[in-house]
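Here is the structure we will look at, set down as structure tokens.
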Amino acid sequence: TFRQIFLPPPAFGPESIAFESPGGAFYTGVSDAFCDGTTDPNKGPICGRPFGLAYNSFTRLLYIADAYYGLLVADSNGRLAKQIATSAEGQPFVFHNAIDIDPVTGNVYFTDASAVYDLRNSSKAAQVNDSTARLLKYDPRTSQVTVLLRNLSRAVGLAVSPDGSFLLVSEAIGNRIRRYWLTGPKANTAEIFLSNINVVRPQNIKRTPSGGFWIAAASVKQNSVSSRNASFIGVYGP
């Protein structure tokens, strides 16, 4: 059963959510039409726009993938978020998007959706089939950022498996889901997890309590998903 949660006005456009605990309080990044570039695109890089969110229940820290400010971290007391990473291997982040935390190691995984097109020009990325996105890892113990995958087609969704053995990353332009192995004999390798699925632009990915994954998409082509790894539930939204 799905329940719609209404945000207090004038907030709109929740991109992602992160729960402090199952069924508890949650965080979401929104647009508010005042200082995020909604009414004036030039203000976007000044004010920022939080996209991906991930909460570490052990350290009580909220990690934020901001489209303009890169990787941020904030405590649960609501203090000003701290910028902790803006580039990797000398290449600045252009469009920080998805994020998740390894439940075993505490490492933070995130994506830079494009190395060329920022949020204001994201529609152009689809027009040219941009494939400059990256998958990255942030180690909170060393503050080191490592590039894990390159040449992804608009990587905008990410989720680590419950046991921390792999993660899934969605490619909206590529219309597929990749699996990147974190442990085991396939560690540090990637493979196609889902492709030719009957959805348009797979977006956010979230773990389910049963060990599976929720995958949100911009739209659905048909009434089912033809894949051995996924099943279609329904269309929810306007």
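So in the working numbering the end of the sequence shown lands on 242, straight run, no missing numbers.
Glycine included, each C-beta is placed from N, C-alpha and C at the ideal position.
Beta-carbon proximity check, Val151 vs Leu162, cutoff 8 Å: no
Same chain, Cβ closer than 6 Å to Gly52, five either side skipped, listed in chain order: Asp70, Tyr72, Tyr73
Residue span of the beta strand (DSSP E) that contains Ile50, given as start and end: Ile50 -> not in any beta strand (DSSP E); alpha helix (DSSP H) instead, spanning 48-51.
Given Thr146 as reference, the closest of Asn101, Val112, Asn208, Ser20 once Cα atoms are compared: When each option's Cα is compared against that of Thr146, the closest is Val112.
Nonlocal neighbours in the same chain, by C-beta distance under 6 Å from Ala58, ignoring five residues either side: Hits under 6 Å: Ala22, Tyr67, Ile103, Asp104, Ile105.
Pair within 8 Å by beta-carbon distance, Asn129 and Arg158: With the sequence shown as reference, residue 129 is identified as Ala, and Asn is not the correct amino acid for it. It is a contact, given that the beta carbons lie within the stated cut-off.
Reduced DSSP secondary structure (H/G/I, E/B, other) of Gln131: It is helical.
Three-state secondary structure assigned by DSSP to Leu84: In this structure, Leu84 counts as coil in the three-state DSSP scheme.
Collapsed DSSP secondary structure at Leu186 in the structure displayed: coil
Contacts around Gly17, its chain only, beta-carbon distance under 7 Å, and the 5 residues preceding and following it disregarded: Val34, Ser35
Neighbourhood of Cys39 by C-beta distance below 8 Å, restricted to the same chain and skipping five residues each side: Legend: pLDDT at Cys39 = 47, less than 50; position of this residue unreliable, value from coordinates given subsequently. Answer for Cys39: Lys47, Ile50, Cys51, listed in chain order.
Integer-rounded CB distance, given that Leu198 should sit under 8 Å from Arg180: 6 Å
Asn111 in three-state terms, based on DSSP: coil
Range of the contiguous beta strand (DSSP E) that encloses Pro54: 54-60
Cβ shell of Asp143 (< 7 Å), same chain only, five flanking positions each side left out: Asn111
beta-carbon Asp167 near the ligand SAM non-hydrogen atom, thresh 7 Å: Judged by which ligands are present, the structure shown has none, so any question about the ligand SAM falls away.
Same chain, Cβ closer than 7 Å to Gln131, neighbours up to 5 away in sequence not counted: none
Residue of Asn200, Thr32, Ser25, Asp122 minimising C-alpha distance to Ile9: Thr32
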